[in-house]
Structure formats: structure tokens, C-alpha cells
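Peer 1: The working numbering applies: residue 78 is where the sequence shown begins, and numbers increase by one.
Virtual Cβ for every residue (Gly too), placed ideally from N, Cα, C.
These figures come from a predicted structure and were not determined experimentally.
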Amino acid sequence: MLDQIIKFSLKNKFFILLCAALLLVFGLYTANNMDVDVFPDLTAPTVVVMTDAHGMAAEEVERLVTFPIETAVNGATGVRRVRSASSMGFSFIWVEFDWGTDIFKARQIVSEKLITVSEQIPIGVEQPVLAPQSSVMGEILFISLQADSTPLMDLRTLADWTIKPALLATSGVSQVTIIGGDYKQYQIVVDPHLLKFYHVGLLELADVCEGFSQNVAGGVIRQHGNEYVVRGIARTNDVEEMGNAFVKSVNGRPVRVRDVAKIQIAPSLKMGHGSKNAKPAVIISV
């Protein structure tokens, strides 16, 4: 067989050279128009479902959160495999679809299935959410924020409200995660002795604190052919104004929040820590 191929090639040199030239031209054309990817995506279309079950042990997360969601998405159209991981306070489920499935269609299918299990999620557990769509490259950049005089709480606020929105507005960025720093929080520190003195219950104070610092719409007033919008403006970020919120009246004397509690701006309970070169920092993962 090999001898015949060699003899044919020697007898038809021009034809063989012409075929080789055509193959070379076709190869160059294909190479120039071929998509180049440093990290080609070799995984099937996958949708990640995340659920925050703060305070629950891994066993309860698996039994009460992960299992119902897995059962719902297992029967979805085009699903080829479902994997999950349950840890303390978190549930992760990877739903893999058949090759060629449009990722946006896959996310829609999973979202429809999650609606059916929303009532099965225990009270206190946040509703499942879909992780942002990202490439196989994942995390590509880490940014650290450090300052000698600026508190970590201010750095975290800057990262949350200024840097993160700007990065998310950049084309190709699907997720920005902030680690470390102190999360700014308005805290109401209650004095039990003052509560007892003013005869104010803790639940009563909690109801007041949930309702204050809100704007209220009051409709419109029509007068002389004009309409005037009525608004109750009470939203504020001033600690002193929050402390003036009315709680109740005791013996004809108004009791305000500041009479039974102290309102302060302080860091929330730290759940993580970020550092650079052994110094505290706010880390931004892109």
C-alpha cells in the first residue's frame, strides 16, 4: 500500500504539489480566523445555586436546604449532573446541563425550579440565589486598600459604595468580592435599667427602631387648580436625629430612643479578615 502511494506521488508530482499548496492555504486561513483562548472553557454549562443559612450546622443545611433544592433541579430539562456542598451556614449546588445548552436558558430553567421550593426553605434562611456567570479564569485580580490614618471601616465603605460599583460597570466583570475591613453599622445599645425605669419593652423598642428613618408618601392636595405632593421626610443618617425618635408617652412625658438606648456608628461583628504584608487591609477580588 505504501509503495503504491509513493509511486503515485512520483508519477503525479504536479498534482501532489498542488494539493499541498491548497492544504497550506486552507490551514493559514483557518489559523487566522480561529478563536484564541488562553484558558478554553472545557466544562459543560453550569449554574451555581447559593443559599445563606447563617447559624445552621452543616447537617441541618444539607437536610433542610440542600436536599430540597437538589430534588427540584434534578428533574429539570437538560440537566446531566447535580453536585452539592454543604457547610456551616452555606449551601452550594452545581447544576450541569448538556453540552450546547444556552447558559441563559439554563439559568432560567433553574430559576423556575427554585420558585417551586421557596416555601420549603426554613424560616430564617435566605432565598437561594444564582451565582454570577463567570468564565473558567475565575479570579483574575486582587486589589488591596491600606491607609495609615484612615480607619478600616471607612476603607470598607469606600470599597463597597465607590470602587465595587465602578468595577461591576466594567465590561467583562461579573463579580466583585470584598474581604476584610470593618462593615459600617448603626448600633442601638440598649440600657436594661433605663428600659425598666421608663416601662419600655425590648420588643416595643425594636418595633420603633424598625420603623423610623423612613420617608412616607401622603398623597396630594388639590388647591386652586394646583396639586401639592405631601411627603413625610424622616430618612436620616444622623445619629442625633435617630435618637429623637418617639417611643411612647409615660405620665405625659415623651420617651425617645435616646432616653433608653445609645445610638452609635461602629463596626459590625467581624466575620473575616484581610491583610497585606501582615498588615490589616481591605481586599477586593475581581
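Taking C-alpha atoms, which residue in P269, T120, E139 and A121 lies nearest to M127?
Peer 2: E139
Peer 1: So, with DSSP's three-state summary, where would you put A135?
Peer 2: helix
Peer 1: Whole alpha helix (DSSP H) runs in the stretch 244 to 302 with 4 or more residues, listed along the chain?
Peer 2: 269 to 275 and 279 to 288
Peer 1: Mind checking A343: buried by the 16 CB within 10 Å criterion, or exposed?
Peer 2: exposed
Peer 1: Report the residue ranges of all alpha helix (DSSP H) runs contained in full by the stretch 134 to 191; include only those spanning at least 4 residues, in chain order.
Peer 2: Segments of the alpha helix (DSSP H) lying fully in the stretch 134 to 191: 135 to 138 and 144 to 151.
Peer 1: Provide the residue(s) that pair with A343 in DSSP beta bridges, ordered along the chain.
Peer 2: Q262
Peer 1: Give the range of the alpha helix (DSSP H) segment to which M127 is assigned.
Peer 2: No alpha helix (DSSP H) holds M127; the beta strand (DSSP E) holding it covers T123 to D129.
Peer 1: Rounded to the nearest angstrom, what separates M256 and P357 at their Cα positions?
Peer 2: Just to set this straight, residue 256 is Ile in the shown sequence, not Met. One C-alpha to the other measures close to 11 Å.
Peer 1: Return the residue from the list L218, A149, R333 and F144 that minimises the CA-CA distance to A283.
Peer 2: R333
Peer 1: Kindly indicate which residue of Q291, A322, A246 and N328 has the alpha-carbon position closest to the one of R308.
Peer 2: The alpha carbon of R308 has as its nearest neighbour, out of Q291, A322, A246 and N328, the alpha carbon of Q291.
Peer 1: On the criterion of 16 or more Cβ atoms from any shown chain inside 10 Å, does P122 qualify as buried, or is it exposed?
Peer 2: With at least 16 other beta carbons inside 10 angstroms of its own, P122 counts as buried.
Peer 1: Quick one: which unbroken alpha helix (DSSP H) runs of 4-plus residues sit fully inside the stretch 309 to 344? Chain order, please.
Peer 2: Fully enclosed alpha helix (DSSP H) runs of 4 or longer: 316 to 320 and 334 to 337.
Peer 1: Measuring alpha carbon to alpha carbon, tell me which of Y263, G278 and Q264 ends up nearest H270.
Peer 2: G278
Peer 1: Should A243 be flagged as near chain B, meaning a C-beta pair shorter than 8 Å?
Peer 2: Given the protein chain composition of this structure (a single chain), no chain B is represented.
Peer 1: Can you have a look at M319 and say buried or exposed, based on whether 16 or more other CB atoms are within 10 angstroms of its CB?
Peer 2: Burial call: buried.
Peer 1: How many Å lie between L87 and N110 at the Cα?
Peer 2: 34 Å
Peer 1: Compare the beta carbon distance of F365 and G152 with 8 Å and say whether it is the shorter of the two.
Peer 2: Residue 365 is absent from the structure shown; the chain starts at 78 and stops at 363.
Peer 1: For T143, which of L94, D112, P199 and L105 has the nearest alpha-carbon?
Peer 2: P199
Peer 1: Can you tell me where the alpha helix (DSSP H) with L229 in it begins and where it stops?
Peer 2: L229 to L235
Peer 1: Out of L141, D268 and A224, which has the shortest C-alpha to C-alpha gap to Q166?
Peer 2: In the sequence under discussion, the amino acid at residue 166 is Gly, which differs from the Gln named in the question. When only C-alpha atoms are compared, the closest one is L141.
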